[in-house]
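All remarks here apply to the structure that follows.
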Amino acid sequence: MYDILRPELIWIEGRCYRVNDTNTEISAFQEHDLYENEMAFQDVGDDDIDDRFEIVEIDNRFYTSFHVSKHYFGSIIGKKGIMKSRIEKDTKTNIKIPKQGEAGDIAIFGPSALNVKAACRRINIIVMSARMKQKPTHFLSIPLNHSSIIERFENFKQNVLQECSTKGIDESLFIRSCKLHLTIGVMCLMDNEERLHASKLLSEAKENILMPVLKDYLPLKIRLKGLSYMNDDPKSIDVLYSCVEDDGPSGMIQKITDGLVDHFYKAGFMDREFGRDNVKLHVTLMNSKYRNKSSLDTDDDRTSNKRSIRETFDGSDILSKFSNYDFGVTEINNIHLSQRKTMGSDGYYQPTFVISLNE
Numbered sequence: 001m002y003d004i005l006r007p008e009l010i011w012i013e014g015r016c017y018r019v020n021d022t023n024t025e026i027s028a029f030q031e032h033d034l035y036e037n038e039m040a041f042q043d044v045g046d047d048d049i050d051d052r053f054e055i056v057e058i059d060n061r062f063y064t065s066f067h068v069s070k071h072y073f074g075s076i077i078g079k080k081g082i083m084k085s086r087i088e089k090d091t092k093t094n095i096k097i098p099k100q101g102e103a104g105d106i107a108i109f110g111p112s113a114l115n116v117k118a119a120c121r122r123i124n125i126i127v128m129s130a131r132m133k134q135k136p137t138h139f140l141s142i143p144l145n146h147s148s149i150i151e152r153f154e155n156f157k158q159n160v161l162q163e164c165s166t167k168g169i170d171e172s173l174f175i176r177s178c179k180l181h182l183t184i185g186v187m188c189l190m191d192n193e194e195r196l197h198a199s200k201l202l203s204e205a206k207e208n209i210l211m212p213v214l215k216d217y218l219p220l221k222i223r224l225k226g227l228s229y230m231n232d233d234p235k236s237i238d239v240l241y242s243c244v245e246d247d248g249p250s251g252m253i254q255k256i257t258d259g260l261v262d263h264f265y266k267a268g269f270m271d272r273e274f275g276r277d278n279v280k281l282h283v284t285l286m287n288s289k290y291r292n293k294s295s296l297d298t299d300d301d302r303t304s305n306k307r308s309i310r311e312t313f314d315g316s317d318i319l320s321k322f323s324n325y326d327f328g329v330t331e332i333n334n335i336h337l338s339q340r341k342t343m344g345s346d347g348y349y350q351p352t353f354v355i356s357l358n359e
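Last residue of the sequence shown: 359 (full-length UniProt numbering), numbering continuous.
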């Protein structure tokens, strides 16, 4: 049920907008009639105009253009063009959208810069809402497939298979050691322009968020130690994971991961996991969705949408015998913008962009 006291918020261009009708479904691949259920919004920021869009004056009219993935055009146009027409009417603008099969940017013409900016924001709200409902294509990750961690993980795996014979335990449940990672957050990037934008956001985050905090504490190290699980019953587990601890200043890993999510959230590329303000720091070791699918490429447990019925496993024996298992300490050298279901030559997820914390 929609909570009127806690409406959905969307960050666009550094501003926060309140979405009053969160029950409106928007698909990136279908046109919808949103005339009767328009996403009314209230700007809760100040009234200044930012510089994201270059607005120019041509023959007493104001103009801007910007990239939007073609996958969102249907949502912007709406059924029978009614959404586009509504935006144009409300903002007193003329919106030009490339026709099917044509390349190009969305162009907006209006009587003032304020009108053009208002239309841009209305379009961005539709795009961001549609993006959050799509299956993720990429995720921010910290690779933890370092040799010392891999060795301890493989030892853990063999010990579990030899010593724990409880319900549902088999080798296919374990993640491949070359794919060990900490997931920071997931996102949907529909084309090359969006991938370039996300790469730029990660580069900006390094300079403005990470390095000012980390500069006096490099190299940054973390320890993987102890076991926990996602659900409430240790005899019916879907995800078993290792806990993440700082091997340096307390709270540092939490601070930088939360900062990254906040940066991408405000840019409209990432949602907060389950609505919480803090990233759940964990490294997946076993996952029931991997069962009998060890030959398939699978991702972090947080990236799945609708799935077939999963067979859980009894992890009570594992937790009893290995609850304090120490997977060791390792340095965090890189943060990846990783592609889902695409592997690189080293067996880890193919990176779209990488930042180094040691440069």
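From the three backbone atoms N, C-alpha and C, an ideal C-beta is built for every residue, glycine too.
In the structure shown, what three-state DSSP assignment does residue i receive?
{"i": "residue 155", "result": "helix"}
{"i": "residue 347", "result": "coil"}
{"i": "residue 263", "result": "helix"}
{"i": "residue 103", "result": "coil"}
{"i": "residue 251", "result": "coil"}
{"i": "residue 216", "result": "coil"}
{"i": "residue 230", "result": "coil"}
{"i": "residue 315", "result": "coil"}
{"i": "residue 162", "result": "helix"}
{"i": "residue 93", "result": "coil"}
{"i": "residue 328", "result": "strand"}
{"i": "residue 448", "result": "Because the chain here runs from 1 to 359, residue 448 falls outside it and cannot be looked at."}
{"i": "residue 246", "result": "strand"}
{"i": "residue 132", "result": "helix"}
{"i": "residue 57", "result": "strand"}
{"i": "residue 169", "result": "coil"}
{"i": "residue 292", "result": "coil"}
{"i": "residue 34", "result": "With a pLDDT of only 35 at residue 34, under 50, the local geometry of the prediction cannot be trusted, and no value is derived from it."}
{"i": "residue 146", "result": "coil"}
To the nearest angstrom, how far is it from the Cα of residue i to the Cα of residue j?
{"i": "residue 281", "j": "residue 85", "result": "45 Å"}
{"i": "residue 117", "j": "residue 58", "result": "16 Å"}
{"i": "residue 226", "j": "residue 275", "result": "26 Å"}
{"i": "residue 88", "j": "residue 272", "result": "31 Å"}
{"i": "residue 66", "j": "residue 119", "result": "12 Å"}
{"i": "residue 76", "j": "residue 53", "result": "18 Å"}
{"i": "residue 194", "j": "residue 69", "result": "8 Å"}
{"i": "residue 324", "j": "residue 222", "result": "16 Å"}
{"i": "residue 244", "j": "residue 224", "result": "5 Å"}
{"i": "residue 264", "j": "residue 125", "result": "15 Å"}
{"i": "residue 161", "j": "residue 171", "result": "7 Å"}
{"i": "residue 128", "j": "residue 81", "result": "19 Å"}
{"i": "residue 313", "j": "residue 168", "result": "4 Å"}
{"i": "residue 106", "j": "residue 64", "result": "8 Å"}
{"i": "residue 135", "j": "residue 192", "result": "17 Å"}
{"i": "residue 74", "j": "residue 180", "result": "38 Å"}
{"i": "residue 164", "j": "residue 291", "result": "17 Å"}
{"i": "residue 208", "j": "residue 356", "result": "14 Å"}
{"i": "residue 215", "j": "residue 90", "result": "48 Å"}
{"i": "residue 176", "j": "residue 237", "result": "19 Å"}
Go through its chain and collect everything with a Cβ distance to residue i's Cβ below 8 Å, but skip five positions before and after it.
{"i": "residue 350", "result": "338, 339, 342, 343 and 344"}
{"i": "residue 184", "result": "139, 140, 141, 142, 257, 260, 261, 279 and 335"}
{"i": "residue 354", "result": "334, 335, 336 and 337"}
{"i": "residue 213", "result": "252, 255, 256 and 259"}
{"i": "residue 304", "result": "Low per-residue confidence applies at residue 304: pLDDT is 47, beneath 50, and the placement is therefore not dependable enough to give any value."}
{"i": "residue 62", "result": "55, 56, 109, 110, 111, 112, 113, 115 and 116"}
{"i": "residue 178", "result": "145, 150, 346, 347 and 348"}
{"i": "residue 316", "result": "166, 234 and 235"}
{"i": "residue 198", "result": "138, 187, 189, 264, 269, 337, 352 and 353"}
{"i": "residue 277", "result": "258"}
Count the other CB atoms, across all protein chains shown, that sit within 10 Å of the CB of residue i; report buried if there are 16 or more and exposed otherwise.
{"i": "residue 249", "result": "exposed"}
{"i": "residue 232", "result": "exposed"}
{"i": "residue 283", "result": "buried"}
{"i": "residue 310", "result": "exposed"}
{"i": "residue 242", "result": "buried"}
{"i": "residue 148", "result": "exposed"}
{"i": "residue 72", "result": "buried"}
{"i": "residue 45", "result": "Summary for residue 45: the model assigns pLDDT 36, below 50, so the residue's position carries little reliability, and this model does not support an answer."}
{"i": "residue 101", "result": "exposed"}
CB-CB under 6 Å to residue i, same chain, minus the five flanking residues each way: which ones, in chain order?
{"i": "residue 286", "result": "173, 174 and 240"}
{"i": "residue 246", "result": "252 and 253"}
{"i": "residue 104", "result": "98"}
{"i": "residue 329", "result": "221, 223 and 247"}
{"i": "residue 122", "result": "87"}
{"i": "residue 159", "result": "none"}
{"i": "residue 267", "result": "201"}
{"i": "residue 152", "result": "327 and 328"}
What distance in whole Å lies between the Cβ atoms of residue j and residue i, which are believed to be in contact at a cut-off of 8 Å?
{"i": "residue 269", "j": "residue 190", "result": "With a Cβ gap of about 11 Å, residue 269 and residue 190 do not count as contacting."}
{"i": "residue 220", "j": "residue 332", "result": "5 Å"}
{"i": "residue 218", "j": "residue 358", "result": "7 Å"}
Using C-beta distances below 7 Å, list every residue in its chain close to residue i, excluding the 5 sequence neighbours before and after it, in chain order.
{"i": "residue 132", "result": "271"}
{"i": "residue 93", "result": "108, 109, 110, 115, 116 and 119"}
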